[in-house]
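Undergrad:
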Amino acid sequence: MGFVDAVRDLGLLASGSSTGEGLDSFLQLPLPIIDDEDRRGKVIRVWMRASDPDGDVLELEGISRIDLVDYMSGEGGLDDHKRKYLYRDPVGSNTTWGFSPIYKLGAPKGDLEARVVALVGIADDDGFLRWREDKDTRFFKLEKRVLGDYQLSGRFTQGSLDGILRDLESKVHEIAELWEDKKRSYILMFGLEKNGKYLYPGEANAFKGYFEDKFSKVSGDSGKAGKGKGEVRCSMCDQKGSSSVNLDKIFAFATFDKASFLPGLDKKSESKVFPICQGCFAALSSGREILDRAFTDRQTVRGLNLYVVPELTLGSDKLAMASEHTADFVRDGLKVEDKVFRRLARQDDSLVLHFLFWEKNQAQEILHLMVEDVPPSRLKRLEDLWIESYRHFLWNYMEKPVFDPKEIDLDVGLKVIYQVMTSLSGKNEQDKKVMVSRILDLLGRLLSGELVDVTGVKQLMVSRLYGLCSNPEWIRYGGSEMRKMSAVIDFLIRANRR
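Here it is, written out as structure tokens:
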């Protein structure tokens with residue numbers, strides 16, 4: 124349970140408390156934080172007029188204006204911005220509501236007219252827009268998945284939404300003009316105008332009340348014990364309580380709905396699986412948000428997310444005892460680090476690392492590999508072994524007469540392994556999936572310190588050589604590929620000897 128404990132510790136460290144309770148722990152950011160100013164996200168703000176902007180129920184009078192601001196702009200730190208946006212990912216891809224009045228437009232495609240079509244579709248022969256009948260338009264999804272439920276739940280008065288959508292439709296070209304930079308992701312955010320100031324969702328009582336109502340139902344935190352459940356002991360902190368949730372509320376790959384798994388489909392027994400109290404639920408939710416934002420690598424294996432979770436061996440409350448280098452890493456994460464494993468290999472052994480490879484498929488989260496309790500010294504040793512293999516097979520002494528080991532790192536080694544192995548796979552998608560599984564098995568053994576099946580890798584290379592050599596282009600790049608294969612085999616042999 125090292126991975127789960129480490130995620131909880133990240134949440135507790137961020138909250139600065141031993142319980143992790145409070146709405147802040149459940150908030151997320153709608154877009155990633157990107158340091159590159161040319162790729163940083165943008166927010167299209169919709170200023171809605173209401174008779175009483177501070178009311179718990181909004182009688183909307185229309186849209187006063189629409190403008191564009193930088194994502195995360197304005198005063199305040201990270202937590203302040205999360206409170207302003209009041210965002211949390213929807214519970215599923217087919218839900219008809221969201222936690223906040225924010226719609227992710229994504230990056231635009233095409234010219235102005237193409238963007239207008241993406242928003243509202245193509246007008247009919249009479250000039251009327253039929254986006255309410257076109258499920259592919261952004262406006263259709265906006266109404267059905269975000270705004271519509273505010274009126275159904277009573278947070279908007281009856282008829283208010285129709286006026287907002289009419290005004291929005293009349294301003295569609297203005298929105299399309301703001302939604303223009305193809306290198307950026309955009310969100311469309313609905314707030315309120317009050318005395319010339321824009322109220323963000325987290326600054327409006329109606330939106331805050333809606334979030335709390337929805338989250339209370341999803342989390343099961345109604346303040347009352349479930350019927351027939353009684354007190355349940357938390358799997359994390361061992362405290363008894365009447366209100367609990369299961370781990371699948373944090374990680375979708377922690378599923379308990381299979382008849383072959385423990386209680387299976389018997390909902391009455393779900394509390395016996397992995398119950399979590401509300402305090403630990405808050406800490407885990409906060410930890411998951413930190414993972415997604417600061418400890419996720421998407422470069423090591425294409426198409427997969429890699430969580431890198433640090434855990435202090437002395438406990439999260441002993442962060443002050445760790446070196447400054449390690450403490451900074453635990454607090455700041457990977458950021459947009461290009462050399463992930465280079466940085467990990469330079470941490471000290473006051474922490475261990477947990478690695479989790481997973482894939483996002485709509486609402487599904489598919490777990491492929493988990494490796495727990497990896498000391499940074501093991502990564503440093505692997506890096507040293509790769510440097511030796513690189514020196515023998517890939518160093519071009521004609522271009523660089525002096526070999527500098529500081530220019531070589533484990534990230535390069537893992538990239539070469541991935542390139543070599545994928546070049547040995549077949550052309551169809553199924554063959555590629557099988558090869559990704561073999562790559563993950565190989566990486567898992569390297570990270571966990573287990574022996575690698577070098578003979579199996581050699582046999583795979585030999586079996587594919589005939590097909591590779593029959594390619595007319597092989598004579599041009601074959602020498603380089605053979606050196607890479609030799610470097611990989613040499614590295615794996617060295618790793619088995621460590």
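Sequence positions in the sequence shown follow the working numbering and run 124 to 621.
Think of the CB as a built atom: it goes at the ideal place given N, C-alpha and C, for glycine as much as any other residue.
Could you check the C-alpha separation between E511 and C400 for me, to the nearest Å?
TA: Each residue's alpha carbon lies about 50 angstroms from the other.
Undergrad: With a threshold of 8 angstroms, are at least 3 pairs of Cβ atoms found where one atom belongs to the region 594-605 and the other to the region 563-574?
TA: Output reads no: the region 563-574 does not touch the region 594-605.
Undergrad: Which residue's Cα is closest to the Cα of L146: G402, Q470 and G601?
TA: It is G402 whose Cα lies nearest to the Cα of L146.
Undergrad: V453 by DSSP, collapsed to three states: which one?
TA: Looking at V453 - three-state DSSP - the assignment turns out to be helix.
Undergrad: Under the three-state reduction of DSSP, which class applies to W254: helix, strand or coil?
TA: Helix.
Undergrad: What is the rounded straight-line gap between the Cα of S141 and the Cα of Q582?
TA: Because the pLDDT of S141 is 46, which lies under 50, any placement of that residue in the model is unreliable, and the question is left without a value.
Undergrad: Run the CB neighbour count on R261, radius 10 Å, all protein chains shown included, and call it buried at 16 or more, exposed below.
TA: With 16 or more Cβ atoms within 10 Å of its Cβ, R261 is classed as buried.
Undergrad: Three or more C-beta pairs closer than 8 angstroms, one from the region 154-172 and one from the region 310-319: is that the case here?
TA: They touch, by the three-pair rule.
Undergrad: Starting from G332, trace the alpha helix (DSSP H) in both directions and tell me its first and last residue.
TA: It spans N328 to S342 - the alpha helix (DSSP H) in which G332 sits, taken as one unbroken run.
Undergrad: Determine the direct distance from the alpha carbon of S409 to that of D455, and round the result to whole angstroms.
TA: Cα to Cα, the separation comes out at about 15 angstroms.
Undergrad: For a test of the three-state rule: what should DSSP assign to M558, helix, strand or coil?
TA: Helix, per DSSP.
Undergrad: What did DSSP end up calling M584 once you bin it into helix, strand or coil?
TA: Reduced to three states, the DSSP call for M584 is helix.
Undergrad: Would a C-beta distance cut-off of 9 angstroms place K207 and P324 closer than the cut-off?
TA: Cβ distance < 9 angstroms, so K207 and P324 count as in contact.
Undergrad: Using a 10 Å radius around the Cβ and a threshold of 16 neighbouring Cβ atoms, would you call D132 buried or exposed?
TA: D132 should be labelled buried.
Undergrad: Who does Q151 pair with in a DSSP beta bridge?
TA: According to DSSP, which records beta bridges pairwise, Q151 is partnered with Y210.
Undergrad: Would the region 518-538 and the region 486-493 be scored as touching if the rule is three or more Cβ pairs under 8 angstroms?
TA: Result no; under three Cβ-Cβ pairs closer than 8 angstroms.
Undergrad: Can you give me the start and stop residues for the alpha helix (DSSP H) that Y513 sits inside?
TA: Element bounds for Y513: P499 to F516.
Undergrad: Give every residue of the same chain whose Cβ lies closer than 7 angstroms to the Cβ of D272, excluding the five residues on either side of it in the sequence, and list them in chain order.
TA: Hits under 7 angstroms: T219 and W220.
Undergrad: Using C-beta distances below 7 angstroms, list every residue in its chain close to S148, excluding the 5 sequence neighbours before and after it, in chain order.
TA: G134, S138, A405, A406, S408 and S409.
Undergrad: Classify I245: buried if its beta carbon has 16 or more other beta carbons within 10 angstroms, exposed otherwise.
TA: Its Cβ having fewer than 16 others within 10 Å, I245 is exposed.
Undergrad: Are three or more beta carbon pairs between the region 498-513 and the region 601-619 nearer than 8 angstroms?
TA: Result yes; three or more Cβ-Cβ pairs closer than 8 angstroms.
Undergrad: How many angstroms separate the CA atom of D534 from the CA atom of I287?
TA: The straight-line gap from Cα to Cα measures roughly 51 angstroms.
Undergrad: With distances taken from CA atoms, which of R307, K503, R255 and T449 is nearest A618?
TA: Cα-wise, what sits closest to A618 is K503.
Undergrad: Counting beta carbon pairs with one atom in the region 250-260 and one in the region 218-237, are three or more of them shorter than 8 angstroms?
TA: Not touching, per the Cβ criterion.
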